[in-house]
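In the working numbering, the protein residues as written are 2 to 270. For every residue, glycine included, the Cβ atom is placed at its ideal position computed from N, Cα and C.
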Amino acid sequence: MPTDVINEVALHYVVLGTGDPLVLVHGSWGDHHDWDALAPLLADEFQVVAFDRRGHSASASPAGQGTVNDDVADLAALIRHVGNGPAHVVGNSFGGSIALRLAAQNPGLIRTVSAHEPPLMTLLTNDPAAGPFVAGFGERMGVVIALLTSGQNEAAAREFVEKIALGPAQWDLLPPPARQTFVRNAGTFLDEANDPDALTVEVTTLSNYKGPVLLTQGDASPPFFAMILDTVAPALAGTKRATLEGAGHVPQMSHPKEYAEILAEHLRG
2 MPTDVINEVA
12 LHYVVLGTGD
22 PLVLVHGSWG
32 DHHDWDALAP
42 LLADEFQVVA
52 FDRRGHSASA
62 SPAGQGTVND
72 DVADLAALIR
82 HVGNGPAHVV
92 GNSFGGSIAL
102 RLAAQNPGLI
112 RTVSAHEPPL
122 MTLLTNDPAA
132 GPFVAGFGER
142 MGVVIALLTS
152 GQNEAAAREF
162 VEKIALGPAQ
172 WDLLPPPARQ
182 TFVRNAGTFL
192 DEANDPDALT
202 VEVTTLSNYK
212 GPVLLTQGDA
222 SPPFFAMILD
232 TVAPALAGTK
242 RATLEGAGHV
252 PQMSHPKEYA
262 EILAEHLRG
């Protein structure tokens, strides 16, 4: 489990298996352990790389305001660092946003890309049907940000989990290590919330990537995630869609076997 200086920041990562590289990008609040249940299911066919994004867990936290563009640059540098040519990239939530941005900016680094429910909320700003969802999301995020700003990291994490990400009463159902990870990485989520580019992407640039794309959602997730994918998909020529039955925002944890099967079919082409 090395920690190497990549893109001028110490990034911690783990590698399982051999084969074409497959890089897993976790979402906000989390770390590489988000993929613990799923990564071994793909390691028989791929060199699976899971890492802690900057500001998360065992990776370094550079001073100053971070941006989603820093995360994109880190991902590009990590792919080059592990070698073996272009990589398959799978991103969950904010990690999905990072993966799509990299595909648009540096398509030559990407073999295939998969994004599960990227929270690109600003893409829905002018969609009347999405108006209530956008407003509700903004209100709930405001509560989380206020709690973080006042140093109430655990309360903020609980609010995020139960009101935005996973649903009522889900915080207490998380294993203690997962709750600790949320609290430990809370400061970086506040940093993301202060980044004006965090929840958007220039949709027209996505057409730069011509390779295979898999966009996934859970049928237990809020409907605005499907609306976001509806906006993104037309710009990506090679897009396939998949819905995980009974799953929500983190299928790699809740439905790892089903998610791995969908991903494996996509990765094999």
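Just confirm the distance between the C-beta atoms of residue i and residue j, as a whole number of angstroms; I'd bet it's less than 8 Å.
i: PRO22; j: ASN85; result: 5 Å
i: LEU17; j: VAL49; result: 5 Å
i: ALA236; j: VAL204; result: 5 Å
i: TRP36; j: PHE161; result: No, TRP36 and PHE161 are not in contact; Cβ-Cβ is about 20 Å, not under 8 Å.
i: ARG141; j: LYS164; result: 5 Å
Tell whether a beta-carbon distance below 8 Å holds between residue i and residue j.
i: VAL83; j: VAL26; result: no
i: THR217; j: SER115; result: yes
i: ARG102; j: VAL202; result: yes
i: PHE304; j: PHE134; result: Given that the chain is displayed from residue 2 to residue 270, the structure contains no residue 304 and the question cannot be resolved.
i: ALA265; j: GLY247; result: no
i: ALA105; j: THR206; result: yes
i: PRO178; j: LEU39; result: no
i: LEU149; j: ALA187; result: yes
i: ILE111; j: GLY249; result: no
i: ALA74; j: ASN8; result: yes
Tell me the DSSP bridge mates of residue i?
i: PRO22; result: GLN48
i: GLN218; result: THR244
i: ASP5; result: LEU12
Exposed or buried, residue i, counting other C-beta atoms within 10 Å across all chains shown (16 or more means buried)?
i: SER60; result: buried
i: ALA199; result: buried
i: VAL233; result: buried
i: ASN195; result: exposed
i: PRO169; result: exposed
i: MET122; result: buried
i: ARG242; result: exposed
i: VAL251; result: buried
i: GLY56; result: buried
Just to confirm the assignment, what range does the beta strand (DSSP E) spanning residue i have?
i: VAL10; result: 10-17
i: VAL251; result: Taken as a continuous stretch (DSSP letters only), VAL251 belongs to no beta strand (DSSP E), as it is neither H nor E.
i: VAL91; result: 88-93
i: ARG112; result: 111-117
Measuring only from the beta carbon, is residue i closer than 7 Å to any heavy atom that is part of the ligand GTP?
i: VAL6; result: The ligand content of the structure shown is nil, which means the ligand GTP is not present either.
Along the alpha helix (DSSP H) that carries residue i, what are the first and last residues, could you check?
i: GLU140; result: 132-150
i: VAL204; result: No alpha helix (DSSP H) holds VAL204; DSSP gives it neither H nor E.
i: GLY188; result: 187-194
i: VAL162; result: Per DSSP, VAL162 belongs to no alpha helix (DSSP H) and is neither H nor E.
i: PRO41; result: 40-43
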